[in-house]
Amino acid sequence: MMKKLFLLIMALCIVVLLVVTGCMPTPPTPTPTPTPGMEKDFTLLDLNGRSFTLSDHLGKPIVLCFFMSNCPACKSEVPHLNSVHQKY
37 MMKKLFLLIM ALCIVVLLVV TGCMPTPPTP TPTPTPGMEK DFTLLDLNGR SFTLSDHLGK
97 PIVLCFFMSN CPACKSEVPH LNSVHQKY
């Protein structure tokens, strides 16, 4: 009788363990980190009307800042960007 009770308890524990582990959410799959490199080439006009093509500046560090001329927060960035431009 004890042996049957022991086997029943063991079987019940195994079933509970399988149910609990089967109900656990699977961890999310990590998204791959993009590798640095040449992005899609594009051409834009600067504030002076000159064209800027990304591929013309290969090997050089580039900072692109898109802003509106009537945006106060954007205007506050301009002196900082100019100082970085002068420094580097």
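Numbered according to my numbering, the sequence shown spans residues 37 to 124. Glycine included, each C-beta is placed from N, C-alpha and C at the ideal position.
Q. Which residue comes first and which comes last in the alpha helix (DSSP H) that contains Thr-57?
A. 38-59
Q) Does the beta-carbon distance from Thr-79 to Thr-89 come in below 9 Å? A) yes
Q: Measuring alpha carbon to alpha carbon, tell me which of Asn-106, Ser-112, Asp-82, Lys-39 ends up nearest Leu-100.
A: Asp-82
Q. Using the C-alpha atoms, what's the distance from Met-38 back to Gly-58?
A. 30 Å
Q. Which one of Met-46, Asp-77, His-116 has the shortest CA to CA distance from His-93?
A. Asp-77
Q: Whole angstroms is fine: what's the gap from His-49's alpha carbon to Thr-67's?
A: At residue 49 the sequence reads Cys, which differs from the His that was named. Their backbone Cα atoms lie some 37 Å apart in a straight line.
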